[in-house]
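Numbering (this note's numbering), first residue to last: 243 to 902.
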């Protein structure tokens, strides 16, 4: 038999494969397109994962890949890259990420822009090619010149924490420039020489989402539980939503728009082993020829959807985190050139500093060889971990703010504050999702949820399903019972015992019910039912008589205790006493039991009075009072014509026998 945890993992794997089972087609590259230099890729992790990064962009490279993920950076971060692409071409990238720059500014505008739910970042990308030989009309060398393209990206991200999950939305404002350095002015060439100004502007829009209680996703078997669902990440970006438009030599070139969506999932295994799986899909839009159209893009059907895959194995070793990576994408014409390889190592270099060393091996172009790239990143400053959000809890007063803080802690599962945070959400800040929080942390909260579900199924007369839930409830109660009795209250003991009762384990039910310290109406009722099912009628009568001392005449539980007491007296042959208690039920003003009345015994029509009249008639018959028995039985048909006690010919025969 496959263990339950492995079944869940198997379901998750199958689901993710189904989500990405589209045909992998070989896409054309980006060469020759305007802005192609912004698509070479940065970041050792992203490149090592085959450029599948839109859902997990949570560092300084989010400025390049998806600005929405910038707010998810664990600390402030600085990253840099310098690489030789081919021949005399150099590709450089420098970026700094500043998540949650200030704690809680008082001004609302400043809080939105620079508060603990916002992030800023700045990145610089440059592609330059050196030492072009320049000659005049006489073919005489007049020196060398360089060609460059570079862009500055200013990023802003803001998060919205909801019970559905954590939404991060970001924008990139990009300033692009390209030109020639060292070029001797030649008016006949049509080239304008050096361009010092940032003439061209564009805008990217990106979003990431970490689901918690997302309506559709939470219903997926094996994935939808809070413990599993929160390791899923979704992301999307629309690059060049407002495109830069370059004018070179009188030709106006508009950057193509790029739309990319992706997901990732982190699988956790014993001994600190983890496996990250990422997948992106990408398509390009090309500009329409009519520049005044409201929507300026058409799907570029000449370039198929790009498909990007990556896996990352994570292993923590004391102060080191080792990260081997493998990636795949369909941008190359030859599938053997579509794989990328990478390795990362994170090491602590101070109390609040992490040094990241990353390596990626890839083939940027079919006609070129393999390219090795090294990357250096420094994390510094306060980590935005559980302790950070605990500090926010101490300051915040509003219920909505406290809910956000607790949701952040739960979203960083596992940690040592999970249990208290989940309970706070379940009991105070998000009770609508209480079952999901209790399921996540287990314990008495989850046991009670299972008990309530079993009780509901039992009340609906779905007995086999009710027993399955009751078994789960008993197992969870038992686990906590063995661990610590201090957590149990009288109510929890009664729920524990009733779970056994739903499963028809009456002796074990009675054993747990007897652990109750203080008597109550419910305690007397449950113990009485258990004794009755075990055929210990004297103890059952004692328990039901004890219930009557609470004098809660208006409650369903009180009336059902009267009924059980009278039935026990009938079985003992004390018919006169039984008639007295049935009469008390009949005198009650309330005719129907409430919808959620205790279901031991089950009254299919929620009417207890017809049963009381019927049993009274039997008592009168046993006492030899046939006329009174007939009159009492006739009242069932008169007052309760739909009662199951008078259905069929049995009732007529019974009444005739009493009259004669």
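A virtual CB, placed ideally from N, CA and C, is assigned to each residue, including glycine.
- Look at the segment 609–690 and you find these whole runs of beta strand (DSSP E), each 3 residues long or longer: 613–622.
- With fewer than 16 other beta carbons inside 10 angstroms of its own, residue 591 counts as exposed.
- In this structure, residue 499 keeps its C-beta atom at 8 Å or more from the C-beta atom of residue 518.
- Secondary structure note for residue 748: its alpha helix (DSSP H) is the uninterrupted segment 748–755.
- Using a Cβ distance threshold of 8 Å, residue 406 and residue 348 do not count as a contacting pair.
- In the three-state scheme derived from DSSP, where H, G and I count as helix and E and B as strand, residue 326 is classed as strand.
- When 669, 762, 396, 482 are compared, the shortest CA-CA separation from residue 278 is found for 482.
- For residue 818, the closest of 417, 835, 679, 870 by C-alpha to C-alpha distance is 870.
- Annotated three-state conformation of residue 695 is helix, per DSSP.
- In the three-state reduction of the DSSP assignment, residue 366 falls in the strand class.
- Residue 826 and residue 812 have their alpha carbons spaced roughly 15 Å apart.
- Residue 453 has 407 as its beta-bridge partners, per DSSP.
- Taken atom to atom, the span from the alpha-carbon of residue 759 to that of residue 732 is near 7 Å.
- DSSP lists 500 as the beta-bridge partner residues of residue 526.
- A Cβ-Cβ separation of about 14 Å leaves residue 418 out of contact with residue 335 under the 8 Å criterion.
- With a threshold of 16 other beta carbon atoms within 10 Å, residue 669 falls short and is exposed.
- Boundaries of the beta strand (DSSP E) harbouring residue 598: 595–604, taken from the DSSP string.
- Closest option to residue 468, judged by alpha-carbon separation, among 836, 770, 675: 675.
- For residue 858 against residue 802, the beta-carbon gap comes to about 16 Å, at or over 8 Å, which does not count as contact.
- Taking the C-beta atoms as reference points, residue 655 is found nearer than 8 Å to residue 472.
- For residue 397, DSSP records a beta bridge to 363, 414.
- In this structure, the straight-line span from the alpha carbon of residue 808 to that of residue 838 is close to 22 Å.
- DSSP, read as helix, strand or coil, puts residue 708 in helix.
- In the three-state reduction of the DSSP assignment, residue 771 falls in the helix class, which pools H, G and I.
- Counted as a single uninterrupted DSSP element, the stretch harbouring residue 336 is not any alpha helix (DSSP H) but the beta strand (DSSP E) occupying residues 331–341.
- Counting C-beta pairs with one atom in each stretch, the segment 285–293 and the segment 386–395 have fewer than three that are closer than 8 Å, which means they do not touch.
- In the structure shown, residue 279 adopts helical secondary structure according to DSSP, grouped into three states.
- In chain order, 647, 650, 651 place their CB closer than 7 Å to the CB of residue 631, counting only its own chain and leaving out the 5 sequence neighbours on each side.
- Residue burial is scored here from C-beta neighbours: residue 404 has fewer than 16 other C-beta atoms within 10 angstroms and is therefore classed as exposed.
- At least 8 Å separates the beta-carbon of residue 337 from that of residue 298.
- Between residue 309 and residue 448, the C-beta gap is smaller than 8 Å, which places the two residues in contact.
- The C-alpha of residue 680 is placed about 57 Å away from the C-alpha of residue 495.
- In this structure, 841 is the residue among 600, 369, 841 with its C-alpha nearest to the C-alpha of residue 798.
- Annotated three-state conformation of residue 391 is strand, per DSSP.
- Pairwise C-beta distances place the segment 309–327 in contact with the segment 611–623, as three or more of them are shorter than 8 Å.
- Residue 510 is not a Cβ neighbour of residue 523, given a cutoff of 8 Å.
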